[in-house]
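Student: Okay, so the sequence shown: first residue is 11 according to our numbering, each after it adds one. Beta carbons: idealized from backbone N, C-alpha and C, even for Gly.
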Amino acid sequence: MDEIIKLVAQKAGITEAQAQIAVNTVLDFVKSKLPPNLASQVDNLAAGKSLDLGSLGGLAGLFGGR
């Protein structure tokens with residue numbers, strides 16, 4: 011997550027502390043819009059972990075699949 015914080019700070023011309031607040035705000039917003047099993051994947055990505063793609067199977071229902 012340090013990498014994205016540094017990138018946001020650089021691109022936005024803000025401090026890393028401010029960028030961390032911005033990144034956390036965006037991540038919290040995204041997680042609030044996702045089902046819990048997918049929201050936890052956002053945490054994994056932010057922590058630099060790999061995705062558990064098995065949890066994406068539930069997305070089929072959102073698009074008319076079974």
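1. Which same chain residues end up closer than 8 Å to Val18 when comparing Cβ atoms and leaving out the 5 residues on each side of it in sequence?
2. With H, G and I counted as helix, E and B as strand and the rest as coil, what does DSSP make of Ile24?
3. My assumption, with CB atoms under 8 Å, is that Gln51 sits in contact with Asp62. Please give the rounded CB distance.
4. Going by C-alpha to C-alpha distance, which of Gln20, Asp53, Lys59 sits closest to Thr35?
Tutor: Looking at the atomic coordinates:
1. Looking up residue 18 in the sequence shown gives position 8. Hits under 8 Å: Ile24, Ala29, Ala32, Val33.
2. If you number the sequence shown from 1, residue 24 lands on position 14. Note: Ile24 maps to coil in three-state DSSP.
3. In the sequence shown, counting from the first residue as 1, residue 51 sits at position 41. In the sequence shown, counting from the first residue as 1, residue 62 sits at position 52. Confirmed, Cβ separation roughly 6 Å.
4. Along the sequence shown, one-based indexing puts residue 35 at 25. Of the listed residues, the one whose Cα sits closest to Thr35 is Asp53.
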